[in-house]
């Protein structure tokens, strides 16, 4: 091969490379055309278009134009919805739930405020594509199981690295109110354990409440000292404490706290803490929220409920207690989002919301509980949760209502990029369905 | 407090029983509904007549006698009562006799708890028949029982007496876990690990049991032959465990084997060939899609989950298209619950399979009706809406495969045992009754009580727990 030929080849390759780059640049722009557009926050557009560019929704409406270079997606007969959001998961932090080595959810020690979920999110988890396939684009992934379990992250379900996945690396502090009492047959593992260990469980729980208050006091004092020193360098500096450092945005009311609290007493206790320490409180679990609905409403405290399909705790609970709870909370004016509280089953989020709708929650509200409401809770409703110009292009193209079992997600965009919808499951299906 | 709950439970039961008794006879006509028969398609604007607990007529033109109870099915969808081929509901106490790896002698039928509120909750989800199984801790577990959810009756009255007897086997991680000390869920407190600890050991445990069972059977056969000849032989020593194994070899006790991986599924079929028995149904069978051809050739059914996966290592290759592939390759497939949650919404679980595997509506409906009936060999009585079968029906307010639908009424043998309207209407009354009972208890709190021993707390409910829902992440 002559040098000339090699030179020509190189030039050709360079040209190809250039073209490819150009093509990529052009592919950044999309026009989804002739779809039914369920915007969630505005009116539904019976037939319209969505223009996407550089990761963002540029325009939505009946008449939207885009440059000829934009890639056109003909969505006649299909619908566009915002990507669904699960407000409580451990996705990316666990792979096989019974294999401890694959779980990064619960750190040692009661106060792990400095533990950040985001750094342990595995972008290559097999659970992620499986979740996406049912229309979920974004989840809160959270440490669990400690009074202060750590920092929950809000992640998009696409990205080569966890940095790329992060919508908000630190979206909330995950906390758990000590378990005070337990009714009925189910639940109460911690309580039982304490019982088996022979101590007085109520006394132990109250001590934990005191420990939690003490930690919040320390964090408040730490924040105050730090602020004071920032203003006056002559003041003595404190030794840096990473746990208290992580609590500063909590006690300043800047970072939402998702505090797991289930019984009436626990929820009231959590609200008292929020009042005392000016916490930006979200209640997680909130099993008995209906008993304190007026309190939650008057203080405008949002809650995260679910799974809706959990079996009722007490043997004399109404059979549909948990199915119907969302509808009743709605009637009572309590703000809520719906979670799966899971990892492998986050894909069933649409069915959690839909089941609530089967038992009294208006359908539009069910959809909002897995789109715009969680976005509001985590302070990202200007970014995600609906189809609006200026928002991150997280959306799905479906052949129907995404909460319905038989609906297929045909295409998904995360951060303005089309996302592959094949999964470990579809690959295994194809492989073995073709077995001779 | 326990006493209050118990009393309350009795009150509810008494109420339910009264309801049941009030309708125990005569005719029921459901008219003008969409009927999903599960055997012969859909009938629009159809009617079903139940007489004496059996379906007497199905179709467009059905008339009932003057005294019949008429249920207006306008806008409603009717399916056969749903059947759960893998349940642990209504078992009093633990579901695992986990002290040995072969416990073929124990019977679930002996420990039915007819007061389990899950019976009612499942009725409220359209489920009418359940296969209540021994747990999966043992290679060869105990004998199962098939129940109709006749809420308000005794456990013995719920038993489907003409269902063939079945027995639980288990392969893979669960039976070998007891052999792994750090994971031993049955041992704790220093109990030594239990053989087997590997899949190799599970296979040999089963071969060992059948080797013994076969010799026992031969002894009895020889004894009976001698009796027939008029001799006066000494009978072999009766052994209840070996009786069960011999019954498997005689084809009188049907195997429902818990399994996950393809290798262990093939292993059990291999052992079955060696000893000349059949596996009636593979349970869970999450990798059934990999060896569907072999399962179909053996003639076994597959009873699986709609979408469970990733809760243990052996479930990491589980796919939601499993039911579809097995169906495509000729296996009779059902979707089961293995949980008190999913047993309340088997219709939803069936609905999911359509999308994941390109199935028809009727194929999916059969997963929770006719097919589990076949797997349990009770399809002569239940599983479809056909004349002559039991009047077991679920009535939905919309298509059962829509997420927005729910069950409005459930009938077992013609008796309405769940009625959502009635359930809602009686909630206030129950709340008042509960309050009255609690108040009475409080008033008595100061009174001297007759001394009695405090009863031991009930054992922790150890759900069979393939670790699906809720807080397994915590």
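Chains as they are written, first to last, in the working numbering: chain A, 22 to 457; chain B, 7 to 480. We put the CB at the ideal spot given by N, CA and C, even for glycine.
Beta-carbon neighbours of residue 450/A, restricted to chain B and to distances below 9 Å:
Along the first chain, one-based indexing puts residue 450/A at 429. By Cβ distance, chain B contributes 295, 325, 326, 327, 328, 330, 331, 362, 363.
On the CB-based measure, 16 or more other CB atoms within 10 Å of its CB, does residue 145/A come out buried or exposed?
For the purposes of this step, residue 145/A is taken as the residue at position 124 of the first chain. Exposed: under 16 other Cβ atoms inside 10 Å.
Closest Cα partner of residue 335/B within the set 278/A, 379/A, 270/A, 454/A
Within the second chain, residue 335/B is the residue found at index 329, counting from 1. The shortest Cα separation from residue 335/B among 278/A, 379/A, 270/A, 454/A belongs to 454/A.
Touch test, the segment 129–143 of chain A against the segment 173–185 of chain A, Cβ-Cβ under 8 Å, three pairs minimum:
yes
Is residue 454/A helix, strand or coil when you go by DSSP?
The count along the first chain starts at 1 and reaches residue 454/A at position 433. Note: residue 454/A maps to helix in three-state DSSP.
CB of residue 166/A within 8 Å of CB of residue 362/A, strictly:
As a working mapping, residue 166/A is identified with position 145 in the first chain. As a working mapping, residue 362/A is identified with position 341 in the first chain. Result no, Cβ atoms of residue 166/A and residue 362/A do not sit closer than 8 Å.
Give the interface partners of residue 259/A over in chain D, defined as CB-CB distance under 7 Å, in chain order.
You won't find chain D in this structure, because its protein chains are A and B.
With 16 other Cβ atoms within 10 Å as the buried cut-off, status of residue 327/B:
Walking along the second chain from the start, residue 327/B turns up at place 321. Flag for residue 327/B reads buried.
When the Cα atoms are used, what is the spatial distance from residue 339/B to residue 90/B?
Working through the second chain from its first residue, we reach residue 339/B at position 333. Working through the second chain from its first residue, we reach residue 90/B at position 84. Going from the Cα of residue 339/B to the Cα of residue 90/B covers about 12 Å.
Once you ignore the five residues that flank residue 352/A on each side, which residues in its own chain have a CB closer than 7 Å to its CB?
What you label residue 352/A is simply residue 331 of the first chain in a count that begins at 1. So the list is empty, once near-sequence residues are dropped.
Would you kindly check if the distance between the Cβ of residue 192/A and the Cβ of residue 148/A is under 8 Å?
Translated into the one-based positions of the first chain, residue 148/A becomes position 127. Translated into the one-based positions of the first chain, residue 192/A becomes position 171. No, Cβ-Cβ distance for residue 148/A and residue 192/A is not below 8 Å.
Residue closest to residue 366/A, alpha-carbon to alpha-carbon, out of 369/B, 380/B, 317/B, 337/B
If you number the first chain from 1, residue 366/A lands on position 345. Checking every option, the nearest Cα to that of residue 366/A belongs to 317/B.
For residue 350/A, which residues in the same chain have their Cβ closer than 8 Å to its Cβ, ignoring the five residues on either side in sequence?
Start at 1 with the first residue of the first chain, and residue 350/A comes out as number 329. Counting only Cβ-Cβ distances below 8 Å, and skipping sequence neighbours, we find 310, 311, 314, 324, 326, 357.
Could you check how far apart the C-beta atoms of residue 148/B and residue 114/B are, in whole angstroms? I think they sit under 8 Å.
Working through the second chain from its first residue, we reach residue 148/B at position 142. Working through the second chain from its first residue, we reach residue 114/B at position 108. About 6 Å separates the two Cβ atoms, so the contact holds.
Take residue 259/A and list the residues in its own chain whose beta-carbon comes closer than 6 Å to its own, dropping the five residues that flank it on each side.
Taking the first chain and counting its residues from 1, one reaches residue 259/A at position 238. Counting only Cβ-Cβ distances below 6 Å, and skipping sequence neighbours, we find 246.
Check for me: the beta strand (DSSP E) holding residue 52/A runs from which residue to which?
Translated into positions along the first chain, residue 52/A becomes position 31. First-last of the beta strand (DSSP E) with residue 52/A: 50–58.
When you compare the CB positions of residue 172/A and residue 137/A, do they come within less than 8 Å of one another, or not?
Mapped onto the first chain, residue 172/A falls at position 151. Mapped onto the first chain, residue 137/A falls at position 116. In contact: residue 172/A and residue 137/A (Cβ atoms closer than 8 Å).
Rounded to the nearest angstrom, what separates residue 298/B and residue 275/B at their Cα positions?
The residue labelled residue 298/B in the question sits at position 292 within the second chain. The residue labelled residue 275/B in the question sits at position 269 within the second chain. Residue 298/B and residue 275/B: Cα-Cα distance of roughly 12 Å.
To the nearest angstrom, report how far apart residue 513/A and residue 107/A are at their CA atoms.
For residue 513/A there is no data in the structure shown, the boundaries of chain A being 22 and 457.
Is it the case that the Cβ atoms of residue 54/B and residue 68/B are separated by a distance below 8 Å?
Taking the second chain and counting its residues from 1, one reaches residue 54/B at position 48. Taking the second chain and counting its residues from 1, one reaches residue 68/B at position 62. Yes; because the gap between Cβ atoms is below 8 Å, this pair is in contact.
Cβ-based neighbour list, residue 270/A, same chain, cut-off 6 Å, excluding 5 preceding and 5 following
The count along the first chain starts at 1 and reaches residue 270/A at position 249. Closer than 6 Å at the Cβ level, and outside the excluded window around residue 270/A, lie 276.
Below 6 Å CB to CB, which residues in the same chain sit around residue 424/A once its five sequence neighbours on both sides are set aside?
Indexing the first chain from 1 puts residue 424/A at position 403. Excluding residues within five positions, the ones whose Cβ falls inside 6 Å are 371, 374, 375.
Taking the alpha-carbon positions, what's the residue 216/B to residue 348/A distance?
On the second chain, residue 216/B is found 210 positions in, with the first residue counted as 1. On the first chain, residue 348/A is found 327 positions in, with the first residue counted as 1. Their Cα atoms are separated by approximately 56 Å.
Can the beta-carbon of residue 322/A be found less than 8 Å from the beta-carbon of residue 292/A?
Reading the first chain from its first residue, position 301 is the one you call residue 322/A. Reading the first chain from its first residue, position 271 is the one you call residue 292/A. Taking 8 Å as the Cβ cut-off, residue 322/A and residue 292/A qualify as a contacting pair.
On the premise that residue 322/B lies in contact with residue 117/A, defined as a C-beta separation below 8 Å, what is that separation, rounded to the nearest angstrom?
Against the first chain, residue 117/A aligns to sequence position 96. Against the second chain, residue 322/B aligns to sequence position 316. Rounded, the Cβ-Cβ distance is 6 Å, consistent with contact.
Applying the criterion that 16 or more other CB atoms from any shown protein chain within 10 Å of the CB defines a buried residue, is residue 289/B buried or exposed?
By one-based count along the second chain, residue 289/B stands at place 283. By the 10 Å Cβ count, residue 289/B comes out buried.
Contact set between the segment 350–384 of chain B and chain A, restricted to residues whose Cβ is under 8 Å from the partner
350, 351, 354, 357, 358, 360, 361, 362, 363
Check whether the segment 294–305 of chain A touches the segment 234–245 of chain A, counting contact only when three or more Cβ pairs, one atom from each stretch, lie closer than 8 Å.
yes
How should residue 332/A be labelled, buried or exposed, when 16 other C-beta atoms within 10 angstroms of its C-beta is the threshold for buried?
Counting from 1 along the first chain, the entry for residue 332/A is found at position 311. Answer is buried; the Cβ neighbour count reaches 16.
What residues of chain A sit near residue 346/B, judged by a beta carbon separation below 8 Å?
The residue labelled residue 346/B in the question sits at position 340 within the second chain. Those are 332, listed as they occur along chain A.
For residue 102/B, three-class secondary structure by DSSP
Looking up residue 102/B in the second chain gives position 96. Coil.
Are the CB atoms of residue 248/B and residue 219/B nearer to each other than 8 Å?
If you number the second chain from 1, residue 248/B lands on position 242. If you number the second chain from 1, residue 219/B lands on position 213. Yes; because the gap between Cβ atoms is below 8 Å, this pair is in contact.
Please report whether the beta-carbon of residue 198/A lies at a distance below 8 Å from any beta-carbon of chain B.
Here residue 198/A refers to the residue found at position 177 of the first chain. It does not: the Cβ of residue 198/A has no partner Cβ on chain B nearer than 8 Å.
Minimum C-alpha distance to residue 430/A - residue among 88/A, 124/A, 156/A, 56/A
For the purposes of this step, residue 430/A is taken as the residue at position 409 of the first chain. Taking only the C-alpha atoms, the option nearest residue 430/A is 156/A.
Using a Cβ cut-off of 8 Å, which residues of the segment 51–66 of chain B contact any Cβ in chain A, in chain order?
none
Which of helix, strand or coil does DSSP assign to residue 199/A?
The count along the first chain starts at 1 and reaches residue 199/A at position 178. Coil at residue 199/A, not helix or strand.
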